[in-house]
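My numbering applies: residue 4 is where the sequence shown begins, and numbers increase by one. Backbone N, C-alpha and C define an ideal beta-carbon position, used for all residues, glycine too.
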Amino acid sequence: YQRRVHGDMDMFGMPVNRKKPSTIINMKDIKRVVLGQFTETFTQFGRCSSKSEWLSMDDQAMPNQTPMVTSQNVSKYFYRSLSFEFKKDKTLDLITETDTDFEAWVISLQYLLQSRQSDGEAAVNVEWGEGLDLTGYPGLEDIDKEEKKLCSRSHITPMQLINAKQEALNRLRGAGGVTIYDIRALSDMDLARARDTFEFLVHRNLIPGKL
4 YQRRVHGDMD MFGMPVNRKK PSTIINMKDI KRVVLGQFTE TFTQFGRCSS
54 KSEWLSMDDQ AMPNQTPMVT SQNVSKYFYR SLSFEFKKDK TLDLITETDT
104 DFEAWVISLQ YLLQSRQSDG EAAVNVEWGE GLDLTGYPGL EDIDKEEKKL
154 CSRSHITPMQ LINAKQEALN RLRGAGGVTI YDIRALSDMD LARARDTFEF
204 LVHRNLIPGK L
């Protein structure tokens with residue numbers, strides 16, 4: 004498995020910026036993909052100084068496109084950040100340009116890395132470096148223990164889950180079925196979180212579907 008991570012390419016498939024050539028990543032060398040800003044690189048560059056600070060990043064509006072990243076503004080793009088952890092204890096740390104780009108990275112990596120199990124290799128996790136601390140979030144008292152675990156693990160706020168579940172049930176009653184893409188369209192979740200929510204609702208037999 005080899006995939007190329009690169010910047011802008013010219014008409015000949017070469018990097019526009021020759022001083023920063025493309026990087027070849029062998030997928031077999033990846034130990035884990037960490038979502039958020041948790042590696043030493045992010046910490047040293049200027050990640051949030053306290054846990055409470057970075058846990059509130061989802062409440063801050065981000066521009067449609069990520070501008071020049073500095074140590075002063077890097078924490079603002081917590082939810083566009085991810086890191087490759089390699090077996091030789093090195094990391095490759097990225098901040099995507101848009102929310103859509105981040106969503107595409109996560110979904111693609113989950114497919115590519117977790118599908119390695121079919122080839123007899125261990126699956127590589129694509130996961131948040133730490134769970135979301137739900138303390139103080141509206142709606143927390145209205146979700147049960149298992150729902151809290153889902154919210155923390157997938158960085159979904161209680162109200163996002165409550166609203167998505169209600170919209171999914173309304174869709175089921177009206178259309179007779181619900182898909183991951185319905186949940187994506189009916190909520191403010193990205194596709195990765197919508198998939199986690201869909202699988203959770205199917206597991207609980209609230210909606211039909213296959214896991």
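Bounding residues of the alpha helix (DSSP H) (the contiguous stretch that carries MET88)
In the sequence as displayed, the identity of residue 88 is Glu instead of Met. Run containing GLU88: none in the alpha helix (DSSP H); it sits in the beta strand (DSSP E), 84-89.
Tell me the DSSP secondary structure of ASP136 in three-state form.
coil
Can the beta-carbon of PHE81 be found less than 8 Å from the beta-carbon of ILE28?
no
Between the region 204-214 and the region 155-174, do at least 3 Cβ pairs fall closer than 8 Å?
yes
Report the three-state DSSP secondary structure of ARG196 (helix, strand or coil).
helix
Quick test of your reading: SER155 and LEU137, contact by CB under 8 Å. State the CB separation rounded to the nearest angstrom.
6 Å
My understanding is that VAL37 touches LEU112, with C-beta atoms under 8 Å, so please give their C-beta distance in whole angstroms.
So it is not a contact: roughly 11 Å between Cβ atoms.
Leaving out the 5 sequence neighbours to the left and right, which residues in its chain are closer than 7 Å to THR42 when beta-carbon positions are compared?
SER86, THR94 and ASP96
Note down, in chain order, each residue of its chain lying with its Cβ closer than 7 Å to the Cβ of PHE201, except the 5 sequence neighbours on either side.
The residues are ILE183, ILE186 and GLY212.
Within the same chain, show all residues whose beta-carbon is closer than 6 Å to that of TRP131, passing over the 5 residues directly before and after it, in chain order.
LEU38, GLY39 and HIS158
Does the Cβ-Cβ distance between ASP199 and GLU106 come in under 8 Å?
no
In this structure, how does DSSP classify ASN173 when only helix, strand and coil are distinguished?
helix
Assuming GLN117 and ALA126 form a contact by the criterion Cβ under 8 Å, report the distance between their Cβ atoms to the nearest whole angstrom.
5 Å
Should ILE98 and SER84 be called a contact, given that it needs their Cβ atoms to be closer than 8 Å?
yes
Express the C-alpha separation of GLY179 and LYS54 in angstroms, rounding to a whole number.
In this prediction, LYS54 has a pLDDT of 47, which is less than 50 and means its spatial position is unreliable; what the coordinates show is noted afterwards. Between LYS54 and GLY179, the C-alpha separation is close to 43 Å.
Please go through the same chain and pick out, in chain order, the residues whose beta-carbon is closer than 6 Å to the beta-carbon of TYR140, but skip the five residues on each side of it.
THR160 and PRO161
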